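So the structure is just underneath, and the comments pick up after that.
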Amino acid sequence: MSRPSLAARWYVPAEIQALRLWLSVAVLVNLLIMALDVVRDGKLWPSLLGIALLALGRLSLPDGQANWKKPVAQLLGAGGVALGLFALAISPRLLYDVWSVAWLVVPCLLLVAWLSRPRVADWAGGRSDREFAERGLARNKESMPRLDVVALHLALLHGLAVVIVPVIWIVDVAVSPGNVLGGAIGDAFTLEHFTAVLSGDSFWTWTRNSLVVAAGTTVFGLALAVPAGYAFSRYQFSGRKESMFLFMLVQMFPGIIILVPYFMVMKTLGLLNTSIGLIIVYSVTALPLGVWMLKGFFDTVPRALEEAAVLDGCNQFEVFFRVVLPLSLPAVAITALFSFLAAWNEFLLALVFNTSNEQYTLPVGLASMIPATGQQWGDFAAASIIVSIPVVVLFVFFQRALIQGLSAGSVKG
Amino acid sequence: MSDVEFKATRKVYEDGTVGLDDLDLRIEEGEFLVLLGPSGCGKSTALRLLAGLEDITDGAINIGGARVNDLPPGARGLGMVFQSYALYPHMTVRENLSFGLRRTRGSDKVPPNEVVARVDEAASMLDLEKALDKKPKELSGGQQQRVAIGRALVRRPKVLLMDEPLSNLDAKLRNRMRFELRRLHEMHGTTTLYVTHDQIEAMTLADRIAILKDGRLQQHDKPLNAYNQPANSFVASFLGTPAMNLIEGRAAHGRFEAGELAFDLPPHLADADGPGFYGIRPENTHISEGGVPFTLGGVEHLGGEAIFHLEAGGHWIKALWRRKGTEAVAPHPEPGSQQPVILTDSSALFFKE
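Protein chains in written order, with this note's numbering: chain A, 1 to 413; chain B, 1 to 353.
What follows is the structure in structure tokens.
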């Protein structure tokens, strides 16, 4: 027997390669499903059997040499399909049931169907002549990307579902009449919760407080972070490295640890129950990240640009405001966005520093809508949606700033 | 008056490195002076000191007779073309060109209509009219280069500084811009200080060349003088392609000896005495009957020219052959063969250092 050609040594049909990966993933997902099933109804055996079939099918995938593997794998696959259909028949057939069964049935179906394809069957039967292998490699090159795309989108859909299901739920609760958390999606529609929230005085007070605090934090924080970042980027001074590190160090403590010292300071200064108090605290908290981000961006602005500006007659301030800052707008915008969001969403400090309803920010206000008894879930959900709207708008708005590569093409070499 | 004078100018960096060591150099009004040297020789330091981008440690720099040591860069009346061009990426070409003019104040203030006129003039001179409303990143490398030159020129600088302005261009464009730069200089007659490590740029552009090494001035002369009468072996080896042949040895009684290699000195060097370098340019080194025997190591054929690599007594030299008239190719002696080489051209030099 002659040595197998290079192509024959490398050729494995795309279907087999895909099955090797997908069956393994299916085993893992079915393990997860098994765990969920145990929590739901305590039934273990259908999932366990399914996992066993998938795992054995994966192990008996043809390797191009052992002839017995193909029929065994197909038999296991057929068993998996039958088990899946039976499990579906005895289940209440909710969306979840269909999904979990699909993770057993689809891989098993693919196993049966793909192994029956003539080319795969030939390969499994040990065919390894050169022409067959070379054609197969060419075919793989075409079909592999398609299979990859399918797998990728499947994974993305699962990711999307994880993200979007809570949102759908919240929206459903917000537009459902009464105070129910369950019920089918989209079974009724009402805007009563939105009306209730928007017509209450408290909500507008909280919104005003949140806006003042978030905007104040952004402006005050930037006013500190921009010059600090520039100084760290451009000037050499004693303690430069140490203070950069200290900035990071502050960031490493969990918020709850500095909560008490902050409270004492605020109390001493008489800043409890004021917006200014929150603005100062938030700015300080957001400062390290802002300074580091801006320093990183200023570092990328070439020094030659500043030197050119100096020769064009600019003083230090003009160099900064006319050349460096316009080029750094994307970084400034992102820093501003982060400061705003941090202040807008912060809960713990706002809760501790503010004791009167008049000074509540939105997160604290929302939390106060959950009293010990008689939760108003509908109002709460509606308010949550309204509160997140500004954040969404800001993100959409600042996305452009993110992408702009203003500095591209300015300096070569 | 826009002559420039370095007076015992010294620059020592914080870490103790000497960037520039007692430089005495005068650039006459309207002169095109090229500062030439290998990297780290102090040429860029000299330029940055003159521009005011770095502080002088010792000595003085005068522009038009006035000491500028402590003047801010913008007040020195300079235009500078950066190696990276350093165009403001967020401004259009028009804004880039006018930026400096719009920064003028007080008695130097350039009125707005004058700004527009000067920008238009620069744009037409540099063929940038169609690019005026574009951003730098939309321009080709050559156009960016011209914007950088235009930005330096619109301010009508007393002195124009250029820091390796051609090094980012491809070879073809570089040759064309070199010619353009010389033409611009002849049109405007602006005193120019040009920094480069490229000796061809130096030879073709300069009225005079100043060659630096390790922060010290080696020679300050007209290009051809520096080429024909280099002050020392460093200058000799730096100017010219291929570089001058330098053989280290000892001269005595009209004879030069370098180990196994020995030959009679030409008559004009008969007085040379002591250790030193015997220098002869490859184009004056001929393979011809009656010469010193060398072994041929190899030949590089360049088309119209060929470079012969020759060895004797451990010393490698080059001989340049140029096509004359109808001669099509260089002679093809076998590598390894013995070749007689005439080293005693009347242009040969002897360097003590």
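For glycine and all other residues, C-beta sits at the position ideal for the given N, C-alpha and C.
The model shown is predicted, which means the values in this text are computed figures rather than measured ones.
Should residue i be flagged as near chain A, meaning a C-beta pair shorter than 8 Å?
{"i": "Tyr13(B)", "result": "no"}
{"i": "Gly74(B)", "result": "yes"}
{"i": "Pro89(B)", "result": "yes"}
{"i": "Gly100(B)", "result": "yes"}
{"i": "Met80(B)", "result": "yes"}
{"i": "Ala171(B)", "result": "no"}
{"i": "Ala122(B)", "result": "no"}
{"i": "Ala66(B)", "result": "no"}
{"i": "Arg357(B)", "result": "As shown, chain B starts at 1 and ends at 353. That puts residue 357(B) outside it, with no answer to give."}
{"i": "Leu53(B)", "result": "yes"}
{"i": "Ser237(B)", "result": "no"}
{"i": "Ser84(B)", "result": "yes"}
{"i": "Leu193(B)", "result": "no"}
Helix or strand or just coil, what does DSSP make of residue i?
{"i": "Gln338(B)", "result": "strand"}
{"i": "Glu300(B)", "result": "strand"}
{"i": "Ile170(A)", "result": "helix"}
{"i": "Ala348(B)", "result": "coil"}
{"i": "Ala87(A)", "result": "helix"}
{"i": "Arg281(B)", "result": "coil"}
{"i": "Pro136(B)", "result": "helix"}
{"i": "Pro293(B)", "result": "strand"}
{"i": "His315(B)", "result": "strand"}
{"i": "Gly52(B)", "result": "coil"}
{"i": "Leu61(A)", "result": "coil"}
{"i": "Trp414(A)", "result": "Since the first residue shown for chain A is 1 and the last is 413, residue 414(A) is missing from the structure and cannot be characterised."}
{"i": "Arg59(B)", "result": "Note on identity: in this sequence residue 59(B) is Gly, with Arg being the wrong assignment. Residue state, collapsed to three classes: strand."}
{"i": "His90(B)", "result": "coil"}
{"i": "Glu131(A)", "result": "helix"}
Report the rounded CA-to-CA distance for residue i versus residue j, giving the unit in angstroms.
{"i": "Phe395(A)", "j": "Asp201(A)", "result": "28 Å"}
{"i": "Leu161(B)", "j": "Thr190(B)", "result": "10 Å"}
{"i": "Asn357(A)", "j": "Phe340(A)", "result": "22 Å"}
{"i": "Lys295(A)", "j": "Leu327(A)", "result": "13 Å"}
{"i": "Ile211(B)", "j": "Phe6(B)", "result": "14 Å"}
{"i": "Thr17(B)", "j": "Arg216(B)", "result": "13 Å"}
{"i": "Ala215(A)", "j": "Phe338(A)", "result": "11 Å"}
{"i": "Asp122(A)", "j": "Leu109(A)", "result": "20 Å"}
{"i": "Arg130(A)", "j": "Gly136(A)", "result": "10 Å"}
{"i": "Glu201(B)", "j": "Arg178(B)", "result": "7 Å"}
{"i": "Gly37(B)", "j": "Gln218(B)", "result": "10 Å"}
{"i": "His286(B)", "j": "Ala46(B)", "result": "40 Å"}
{"i": "Glu186(B)", "j": "Val115(B)", "result": "24 Å"}
{"i": "Met266(A)", "j": "Pro254(A)", "result": "19 Å"}
{"i": "Phe351(B)", "j": "Asp198(B)", "result": "23 Å"}
{"i": "Met248(A)", "j": "Pro227(A)", "result": "18 Å"}
{"i": "His158(A)", "j": "Phe86(A)", "result": "25 Å"}
{"i": "Asn30(A)", "j": "Arg303(A)", "result": "57 Å"}
{"i": "Phe263(B)", "j": "Tyr227(B)", "result": "24 Å"}
Closest Cβ-Cβ distance between residue i and chain B: below 8 Å?
{"i": "Asp312(A)", "result": "yes"}
{"i": "Glu307(A)", "result": "yes"}
{"i": "Ala304(A)", "result": "yes"}
{"i": "Pro326(A)", "result": "yes"}
{"i": "Val323(A)", "result": "yes"}
Using only the heavy atoms of the ligand FAD, determine whether one of them is closer than 7 Å to the beta carbon of residue i.
{"i": "Glu300(B)", "result": "Because no ligand of any kind appears in the structure shown, any question about the ligand FAD cannot be addressed here."}
Could you say which of the options lies nearest to residue i if we only look at CA atoms?
{"i": "Arg323(B)", "options": "Leu132(B), Gly42(B), His220(B) and His301(B)", "result": "His301(B)"}
{"i": "Lys314(B)", "options": "Gly297(B), Leu320(B) and Trp321(B)", "result": "The residue asked about is misnamed: residue 314(B) is Gly in this sequence, not Lys. Nearest of Gly297(B), Leu320(B) and Trp321(B) to Gly314(B), Cα basis: Gly297(B)."}
{"i": "Pro157(B)", "options": "Leu101(B), Leu128(B) and Pro165(B)", "result": "Leu101(B)"}
{"i": "Ala117(B)", "options": "Glu129(B), Ser107(B) and Gly106(B)", "result": "Glu129(B)"}
{"i": "Ser346(B)", "options": "Pro267(B), Gln144(B) and Ser288(B)", "result": "Pro267(B)"}
{"i": "Ala60(B)", "options": "Asp21(B), Ala86(B) and Phe82(B)", "result": "Asp21(B)"}
{"i": "Leu169(B)", "options": "Gln143(B), Gln339(B), Leu53(B) and Thr9(B)", "result": "Gln143(B)"}
{"i": "Leu222(A)", "options": "Thr335(A), Ala55(A) and Ala113(A)", "result": "Thr335(A)"}
Pull up the CB-CB distance for residue i and residue j, whole angstroms please, since I reckon it's below 8 Å.
{"i": "Gly304(B)", "j": "Leu343(B)", "result": "No, Gly304(B) and Leu343(B) are not in contact; Cβ-Cβ is about 24 Å, not under 8 Å."}
{"i": "Ala52(A)", "j": "Pro107(A)", "result": "Not quite, the Cβ-Cβ distance comes to about 14 Å (not below 8 Å), so this is no contact."}
{"i": "Thr190(A)", "j": "Pro177(A)", "result": "4 Å"}
{"i": "Ile209(B)", "j": "Val34(B)", "result": "5 Å"}
{"i": "Ala251(B)", "j": "Ala272(B)", "result": "4 Å"}
{"i": "Leu76(A)", "j": "Ser60(A)", "result": "7 Å"}
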